[in-house]
Amino acid sequence: MPTTLQPAPEPTPQAVRFVTNGWKWQPVAQQPTRAVNGTLHFADFPHFTPNKTPEEILREGCFGGGYFWPFRSRKLNLVRQFAGEEWVEIPSEWLLGLDEPRYVSGEGNTGYVARINKFGVSCEQSIDEWLAAGWFQWYSRFFQGRRIPDDRRQIEKWTRRAGSFG
Numbered sequence: 001m002p003t004t005l006q007p008a009p010e011p012t013p014q015a016v017r018f019v020t021n022g023w024k025w026q027p028v029a030q031q032p033t034r035a036v037n038g039t040l041h042f043a044d045f046p047h048f049t050p051n052k053t054p055e056e057i058l059r060e061g062c063f064g065g066g067y068f069w070p071f072r073s074r075k076l077n078l079v080r081q082f083a084g085e086e087w088v089e090i091p092s093e094w095l096l097g098l099d100e101p102r103y104v105s106g107e108g109n110t111g112y113v114a115r116i117n118k119f120g121v122s123c124e125q126s127i128d129e130w131l132a133a134g135w136f137q138w139y140s141r142f143f144q145g146r147r148i149p150d151d152r153r154q155i156e157k158w159t160r161r162a163g164s165f166g
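Taking full-length UniProt numbering as reference, the numbering of the sequence shown is continuous, increasing by one, and the terminal residue is 166.
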């Protein structure tokens, strides 16, 4: 029997400010180096060693063709419409030669398209389970040098998911 989901409470003012102003930041740290084994190393967080850059994640179709498409976050009870300001922070070289409507904006897609994903599978959560911006946006900004108090929590979240393989 299907479960009926209760609507989420109204978003907090803090959540609305985060969604509205989250892209206003300046880099304060250097970008990582890459080891021979492919892992990335951040000087200020030596135990955080992912094996994919944000660019590689986008190019592999991780989001089924729609990281920047509108979606509803049940966590924050917001419909997320990505604004032009958020596209500006994606370095143009990350998108060079990439079919943006297919791999990034989700233009023309009505949902997650598994065949766009490098492995041909869906992610384990539906997009409406995500926070408004999600871990990928945090990682993209962290990769580019932004540092915030939430970094440790986000890295711990990654560690629980990725394990020793990055």
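For glycine and all other residues, C-beta sits at the position ideal for the given N, C-alpha and C.
Just so we're clear, the structure is a prediction, and the values are computed from it rather than from any experiment.
Worksheet item: Taking DSSP as the reference, what is the three-state secondary structure of Thr39?
Response: Residue 39 sits at position 39 when you count from the first residue of the sequence shown. Of the three classes helix, strand and coil, the one that applies to Thr39 here is coil, per DSSP.
Exercise for review: Taking Gly97 as the reference, give the member of Ser140, Asp150, Arg59 and Thr159 with the closest Cα.
Suggested key: In the sequence shown, the residue the question calls residue 97 occupies position 97. Residue nearest to Gly97 within the set Ser140, Asp150, Arg59 and Thr159 is Arg59 (criterion: CA-CA distance).
Quiz item: Roughly how many angstroms separate the alpha carbons of Gln30 and Pro46, rounded to a whole number?
Solution: Translated into positions along the sequence shown, residue 30 becomes position 30. Translated into positions along the sequence shown, residue 46 becomes position 46. One C-alpha to the other measures close to 13 Å.
Tell me which residues share the same chain as His41 and place their Cβ nearer than 7 Å to its Cβ, disregarding the 5 neighbours each side in the sequence. Taking the sequence shown and counting its residues from 1, the one referred to as residue 41 is at position 41. Counting only Cβ-Cβ distances below 7 Å, and skipping sequence neighbours, we find Pro32, Thr33, Ala35 and Thr49.
What does DSSP give as the partner residue(s) for residue 170 in the beta ladder? The structure shown does not extend to residue 170, since the chain spans only 1 to 166, so no value can be given for it.
Using CA coordinates, which residue listed in Ile155, Glu56, Gly145 and Asn117 is at the minimum distance from Val28?
As a working mapping, residue 28 is identified with position 28 in the sequence shown. Closest in alpha carbon position to Val28, among Ile155, Glu56, Gly145 and Asn117, is Gly145.
Run of the alpha helix (DSSP H) containing Ala162, from where it starts to where it stops:
Translated into the one-based positions of the sequence shown, residue 162 becomes position 162. It spans Asp151 to Ala162 - the alpha helix (DSSP H) in which Ala162 sits, taken as one unbroken run.
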